[in-house]
Amino acid sequence: MIKFGIVGTNWISGDFVDAIKKDAGCKIVAVCSRKKETGLDFCDKYELDIEVFTDLNEMTKSDRIDAVYIGSPNSLHGEQAFICLNNKKHVICEKPITTDLEIFDKNVKVAKKNNVVYMEAMKTTFLPNMKVLKENLSRIGTVRNVIFNHSQYSSRYDKLLEGEITNVFNPKFHGGSSFDLGVYPVYVALYLFGEPLSYTARNYMLPSGVDGAGTIILTYEDKIVTLMHSKISQSYTRSEILGEKGSIIIEDISKLKSLKLVLRDGTMEYLTLPQTPNQMVYELKEFLELIKNGEVESSINSFKNSRSSVEILSRVRNKI
37 MIKFGIVGTN
47 WISGDFVDAI
57 KKDAGCKIVA
67 VCSRKKETGL
77 DFCDKYELDI
87 EVFTDLNEMT
97 KSDRIDAVYI
107 GSPNSLHGEQ
117 AFICLNNKKH
127 VICEKPITTD
137 LEIFDKNVKV
147 AKKNNVVYME
157 AMKTTFLPNM
167 KVLKENLSRI
177 GTVRNVIFNH
187 SQYSSRYDKL
197 LEGEITNVFN
207 PKFHGGSSFD
217 LGVYPVYVAL
227 YLFGEPLSYT
237 ARNYMLPSGV
247 DGAGTIILTY
257 EDKIVTLMHS
267 KISQSYTRSE
277 ILGEKGSIII
287 EDISKLKSLK
297 LVLRDGTMEY
307 LTLPQTPNQM
317 VYELKEFLEL
327 IKNGEVESSI
337 NSFKNSRSSV
347 EILSRVRNKI
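Residue numbers for the sequence shown follow our numbering, so the first one is 37 and each next one is one higher.
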């Protein structure tokens, strides 16, 4: 039985709590929040009879805790993960795993030293439909162009327009579209096609000092991958992988809601598999399996993929 501590009390942490409750191989024993009251409210909301901490170092020194899920604001991910790893706790950290390459490398080093798992909670790569997508790529021939679009209007943008800066649009917490939404198309591209030869980007910067929307272009030897993201507009266009023999059309690059293969001769085939509503169960399953097998790194959400994602996003998010 793997005993979890939870860091952060927002909705994403709540979804992970729900995923843990669905798995008999683990349970939640603690939560860490900046304020005791916030932690207690979180416990009430998700019906948790657990200990509430306000000091992460204190929580992760507890022998009662085996692993930690980090769902705090982006800027805190790296240093919070280091505290957990340094105290020999397995860590599954919400995307982005960190916003700083130096911190990422430091965390990988301590994870290996202490023989604990360090994994980015990028759910998309573990979905059943991702496996189907990867298995069918060869059917569309050599891939030449890719367009991944993850543009989702944020209700918190309305608050920004009214003068209120929430965490997702606050440079202090490394908010903005790149790290919040752009991370999905970037990570999927890295998982499917590997590291690009080069990359460039342009963003629309908001008055708060973060990017509200942007486009990243990854250049490979044989293909061009265009990644669009936005928190200030809503897209209704599907993503698409275009090969010489056909294409695969994707609804929602973050959730892979549906996949349609279309060949050049007009043949169409739906590849979509059923997926559980709470998609965090798939990443949790991988994380628990790694702990069980005594491994420190996922072969899917690998250190290489996460590092490349951090590098690209950290270097392009202020490009205008």
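Glycine included, every Cβ here is placed at the ideal spot set by N, Cα and C.
| Terminal residues of the continuous beta strand (DSSP E) containing Leu173? | It is not in any beta strand (DSSP E) - Leu173 carries neither H nor E in the DSSP assignment.
| message | Please classify Ile356 as buried or exposed, where buried requires at least 16 other C-beta atoms within 10 Å of its C-beta. | response | exposed
| In whole angstroms, what separates the C-alpha of Phe140 from that of Thr303? | 45 Å
| When DSSP labels each residue in this structure, what does Ile260 get in the three-state scheme? | strand
| message | Applying the 10 Å Cβ sphere with the 16-neighbour rule, what's the burial state of Ser234? | response | exposed
| query | In or out: Thr161 buried (at least 16 other Cβ within 10 Å) or exposed? | reply | buried
| How should Lys131 be labelled, buried or exposed, when 16 other C-beta atoms within 10 angstroms of its C-beta is the threshold for buried? | buried
| message | Between which two residues does the beta strand (DSSP E) holding Ala55 run? | response | Run containing Ala55: none in the beta strand (DSSP E); it sits in the alpha helix (DSSP H), Trp47 to Lys57.
| query | Three or more beta-carbon pairs under 8 Å between the segment 94-102 and the segment 47-59, yes or no? | reply | no
| For the putative contact between Ile106 and Cys129, defined by C-beta atoms under 8 Å, what is the C-beta separation to the nearest angstrom? | 4 Å
| Below 8 Å between beta carbons: does that hold for Phe184 and Ile253? | no
| Within this structure, are the beta carbons of Val88 and Val104 separated by less than 8 Å? | no
| field | Where the beta strand (DSSP E) containing Phe184 begins and where it ends | value | Val179 to Ser187
| query | Along the chain, where does the beta strand (DSSP E) that runs through Tyr306 open and close? | reply | Met304 to Tyr306
| field | CA nearest to the CA of Met37, picked from Tyr220, Asp102, Ser350 and Ile48 | value | Asp102
| Does the beta-carbon distance from Leu309 to Asn165 come in below 8 Å? | yes
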